[in-house]
Amino acid sequence: MLAAVDAPPILDHGAADFEGPAIVSAAGAGPMRLLTQGEWQLFARPEGSSAATGTPFAQFNVNGRAITADLEPGTGRVHVPFSLAEVFDNYVLERWSTASSQRRLSSRQLEAFYRVKRVIPRNVQLVARRALVRWQDLPDFPRWPYDDSVSRLLRFYVHCAALASGRTSLSFRWFWPGRSRAALILTHDVESAAGLRGAVRVADAEEERGLRSSFNIVARLYPIDWGIINELQARGFEIGVHGIFHDRSMFSSRQQFEAQQPALRQAVEDFAASGFRSPATHRVLDWLPELPVAYDCSVPHSDPYEPQPGGCCSPWPYMIDDLVELPYTLPQDHTLFTLLGHRSPELWLRQVDRLERAHGLAQCLSHPDPGYLGNERRFGIYQEFLDSMAERESLWKALPRDVAAWWRARDAGASPAGGHAWARCDLQSGEVTFEPPAAD
Ligand SMILES: [Zn+2]
């Protein structure tokens, strides 16, 4: 899925100012390696020998060796010693994980975990999960709760384009409709029949504040109360699919994945769904575009606490072939309140602040079930969070399916109203900022 131009596709699409500048970059022939620039970690196949003849403006470390990005005097040509599009893909398709040393459960251990899980009481499971969290440690990549790698990549690309064109301002297609500084979606996974009953109370709390959300339903785990589904949809809430069974089976093998597609297509039709979230966020990134939905929301921005830890490091949605990926960018309710014992929405609020500064998508993932938002104290914390979100006027608050439709149109180059946004670059420091379109 490399873009036609070697660039992170989030800025490449429909950004006329980025088509002119001559940036020469390509992947090398060797294996994927970890590159660093200060705190920034990139994964790429760097060029073997540096063909650089110009003035270096950025330096990266590979195994103690320095490689540079250069500006050729006279020609204005910028040379980058790796592929920008490949670095982007290695983040958002989680290909970095093959080059990462983080301790994680093997496929066989995961299988055993789920076999055992069915017969172990929930409180014992929690003790085991907390022990696992300690054993795994917080990885240094992706950073938790926020990793700015993809944002840094985009800003580095702007720096390159600015140098190559000799300009300090480049116009591009803004991330969101109008002048919204960032976007917010509220999503819920429903794990039980009691959770589906609890969904009504959660929906009430959101609707009172002028908000709407999506509820992702497991097709064959508990009896579906169609009265509730129809009511939620009539009130403007969205219904998505949270797997056929609530286990790892769909992504456990190619054969299972294919075997479950007819049931998944049926569920998508029954629920009039546009979106999918995989149970426990199990995923094989390369298979996601085959799902019979418009968008997926199974990929974390950064989540070391799931049975399949990882992250795309992107604050923005992105395309995987024809599928829109809406990464969840806030820690899950279960992680924050059950595993880590937080007693306020503070971490969620600070994360939304970070995402707003990055002009990204804030996606909150919570559960209406007993033990999650079904618990009075946690429901109270969630309402505090909703109060704060309702007040933030700079956020575009929409349903996930509407955000997905917007991103698809943006990617296709559909022209948004409201003029151009600007990426500004200080050529001395390389400091890059993104500015929304000016008010008309
Ligand atoms: Zn679930």
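Numbered per the numbering used here, the sequence shown spans residues 158 to 597.
Heads up, the beta-carbon is just placed ideally off N, CA and C, and yes, glycines get one too.
**Message:** Going by the DSSP bridge assignment, what does Tyr-518 pair with across the sheet?
**Reply:** Along the sequence shown, read from residue 1 onward, the residue named residue 518 stands at position 361. Inspection of the sequence shows that residue 518 is occupied by Leu rather than by Tyr. Leu-518 pairs with Ala-340.
**Item:** Assigned secondary structure, Ala-215 (DSSP; H/G/I helix, E/B strand, else coil)
**Value:** Locating residue 215 in the sequence shown gives position 58, where the first residue counts as 1. Note: Ala-215 maps to strand in three-state DSSP.
**Request:** State the Cα-Cα distance for the pair Val-235 and Arg-330, rounded to the nearest angstrom.
**Result:** In the sequence shown, residue 235 corresponds to position 78, counting from 1. In the sequence shown, residue 330 corresponds to position 173, counting from 1. Those two C-alpha atoms are separated by around 23 Å.
**Item:** Simplified DSSP state of Met-158, which is helix, strand or coil
**Value:** The residue labelled residue 158 in the question sits at position 1 within the sequence shown. Because Met-158 carries a pLDDT of 32, less than 50, the predicted location of this residue cannot be relied on, and no value is offered for it.
**Request:** Count the other C-beta atoms from every protein chain shown that fall within 10 angstroms of the C-beta of Gly-355, then say buried if there are 16 or more, exposed otherwise.
**Result:** Position 198 of the sequence shown holds residue 355. Flag for Gly-355 reads buried.
**Asked** Taking C-beta to C-beta, are Trp-301 and Pro-188 nearer than 7 Å?
**Response** Numbered from 1 along the sequence shown, position 144 holds the residue referred to as residue 301. Numbered from 1 along the sequence shown, position 31 holds the residue referred to as residue 188. No, the pair does not count as a contact, with Cβ atoms beyond the cut-off.
**Prompt:** From which residue to which residue does the alpha helix (DSSP H) around His-316 run?
**Reply:** As a working note, residue 316 is residue 159 in the sequence shown. Unbroken alpha helix (DSSP H) run through His-316: 306-322.
**Prompt:** Is the Cβ-Cβ distance between Asp-490 and Gly-352 less than 7 Å?
**Reply:** Counting from 1 along the sequence shown, the entry for residue 490 is found at position 333. Counting from 1 along the sequence shown, the entry for residue 352 is found at position 195. No.
**Asked** Would the beta-carbon of Pro-436 be found less than 6 Å away from any heavy atom of ligand 1?
**Response** What you label residue 436 is simply residue 279 of the sequence shown in a count that begins at 1. It does: the Cβ of Pro-436 is within 6 Å (strictly closer) of some heavy atom of ligand 1.
**Item:** Per-residue burial, Thr-486 [other beta carbons within 10 Å of its own, 16 or more giving buried]
**Value:** Residue numbering aside, residue 486 sits at position 329 when the sequence shown is read from its first letter. Buried: at least 16 other Cβ atoms inside 10 Å.
**Item:** Phe-542 to Thr-495 span [Cα, whole Å]
**Value:** One-based indexing of the sequence shown puts residue 542 at position 385. One-based indexing of the sequence shown puts residue 495 at position 338. Distance between the alpha carbons of Phe-542 and Thr-495: 17 Å.
**Message:** Quick check: what's the CA-CA separation for Arg-534 versus Ser-328?
**Reply:** Residue 534 sits at position 377 when you count from the first residue of the sequence shown. Residue 328 sits at position 171 when you count from the first residue of the sequence shown. The alpha-carbon atoms of Arg-534 and Ser-328 are separated by roughly 47 Å.
**Message:** According to DSSP, simplified to helix, strand and coil, what is Val-244?
**Reply:** If you number the sequence shown from 1, residue 244 lands on position 87. Helix, per DSSP.
**Request:** Tell me, to the nearest whole angstrom, how far the beta carbon of Arg-377 is from that of Ile-401; I am working on the premise that it is less than 8 Å.
**Result:** Residue 377 sits at position 220 when you count from the first residue of the sequence shown. Residue 401 sits at position 244 when you count from the first residue of the sequence shown. Correct: roughly 5 Å between the Cβ atoms.
**Item:** Cβ-based burial, Leu-241 [other Cβ within 10 Å; buried from 16]
**Value:** Taking the first residue of the sequence shown as position 1, residue 241 is located at position 84. Classification for Leu-241: buried.
**Item:** Contact set for Ala-160: own chain, Cβ-Cβ below 6 Å, skip 5 residues either direction
**Value:** For this step, residue 160 is matched to residue 3 along the sequence shown. At Ala-160 the pLDDT is 39, less than 50, meaning the model places this residue with poor confidence; the figure from the coordinates comes in the next sentence. Excluding positions up to five away in sequence, the list reads Pro-166, Asp-169 and Ala-242.
**Message:** Can you give me the C-alpha to C-alpha distance between Ser-370 and Ala-555, rounded to a whole angstrom?
**Reply:** To locate residue 370, count along the sequence shown from 1; it is residue 213. To locate residue 555, count along the sequence shown from 1; it is residue 398. Roughly 8 Å separates the two Cα atoms.
**Prompt:** Where do the N-terminal and C-terminal ends of the alpha helix (DSSP H) with Ile-386 fall, by residue?
**Reply:** Locating residue 386 in the sequence shown gives position 229, counting from the first residue. Taken as a continuous stretch (DSSP letters only), the alpha helix (DSSP H) holding Ile-386 covers 383-391.
**Asked** Are the CB atoms of Leu-480 and Asp-453 nearer to each other than 7 Å?
**Response** Start at 1 with the first residue of the sequence shown, and residue 480 comes out as number 323. Start at 1 with the first residue of the sequence shown, and residue 453 comes out as number 296. Taking 7 Å as the Cβ cut-off, Leu-480 and Asp-453 qualify as a contacting pair.
**Asked** Under the criterion of a Cβ to heavy atom distance below 6 Å, does Glu-348 qualify as lining ligand 1?
**Response** As a working mapping, residue 348 is identified with position 191 in the sequence shown. It does: the Cβ of Glu-348 is within 6 Å (strictly closer) of some heavy atom of ligand 1.
**Prompt:** Among the residues of its own chain, which have a CB less than 6 Å from the CB of Leu-250, if the five just before and after it don't count?
**Reply:** Locating residue 250 in the sequence shown gives position 93, counting from the first residue. Contacts found: Leu-442.
**Message:** If you measure between the beta carbons of Arg-515 and Tyr-314, is that distance less than 7 Å?
**Reply:** Residue 515 sits at position 358 when you count from the first residue of the sequence shown. Residue 314 sits at position 157 when you count from the first residue of the sequence shown. The sequence shown places Ala at residue 515, not Arg. Contact: no.
**Request:** Classify Leu-497 as helix, strand or coil using the three-state DSSP reduction.
**Result:** Along the sequence shown, read from residue 1 onward, the residue named residue 497 stands at position 340. Coil, per DSSP.
**Message:** Along the chain, where does the beta strand (DSSP E) containing Ser-545 start, and where does it finish?
**Reply:** Position 388 of the sequence shown, counting from 1, holds the residue named residue 545. Note, Ser-545: premise wrong, no beta strand (DSSP E); alpha helix (DSSP H) at 533-548.
**Own chain partners of Arg-287 with C-beta closer than 7 Å, once the 5 adjacent residues on each side are dropped** = Counting from 1 along the sequence shown, the entry for residue 287 is found at position 130. Contacts found: Leu-496.
**Request:** Say whether the stretch 502-515 touches the stretch 335-346, bearing in mind that this needs 3 or more beta-carbon pairs closer than 8 Å, one atom from each stretch.
**Result:** yes
**Prompt:** In the structure shown, what three-state DSSP assignment does Trp-333 receive?
**Reply:** Counting from one through the sequence shown, the residue named residue 333 turns up at place 176. Trp-333: coil per DSSP, three-state reduction.
**Prompt:** Is there contact here, the stretch 404-423 with the stretch 357-372, by at least three beta-carbon pairs under 8 Å?
**Reply:** no
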